[in-house]
Amino acid sequence: MGMFRKMRSIFHDDWCTKCQNQMDEMDRKLYMLPMTVGHYSSHKEAEYYKKNLYRVNRKSEIPAGQYACGIVSYKCPSCGHRIVKLSIFLPVRDQEKYEDTIFFEHGELDLFLMENN
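Convert by adding 16 to the 1-based position in the sequence shown; the result is the number in the working numbering.
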């Protein structure tokens with residue numbers, strides 16, 4: 017059973033990497049990035065996102081050709097481990113063309129997310 021849970025946690029973003037239990041979604045937010053079509057570059061540093069994310073309430077507020085970032089924060093009910101998932105995408109005609117998914121597991125964005133509620 018432990019091996020099955022470990023395998024499942026690898027393929028599910030909402031499963032704890034520490035204890036392999038399903039995590040609770042704590043918060044979900046939408047931001048705009050200062051990148052436009054043809055100018056996307058991947059960033060793995062939390063500092064970049066802290067400085068460049070602009071909070072929006074819905075996708076309709078994002079100008080055409082501008083990248084967006086959906087952020088979901090998870091917390092494990094068993095061990096308390098926290099993960100923040102960033103999904104970078106380009107909104108195109110009511111669809112989302114995903115570019116990148118980045119995870120932060122060491123609290124790098126926790127304060128930023130609390131301050132930008």
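Backbone N, C-alpha and C fix where the C-beta goes; we use that ideal spot for every residue, glycine too.
Asked	Found
Collapsed DSSP secondary structure at E63 in the structure displayed	helix
Touch test, the stretch 64–72 against the stretch 44–55, Cβ-Cβ under 8 angstroms, three pairs minimum	yes
Given M39 as reference, the closest of H97, F128, V72 once Cα atoms are compared	H97
Exposure of A84, with buried meaning 16 or more beta-carbon neighbours within 10 Å	buried
Beta-ladder partner(s) of S85, from DSSP	Reading off the sequence, residue 85 comes out as Cys, not Ser. In DSSP, C85 forms a bridge with Y47, I104.
8 angstroms contact criterion, which G81 and L46 should meet: CB distance rounded	With a Cβ gap of about 17 angstroms, G81 and L46 do not count as contacting.
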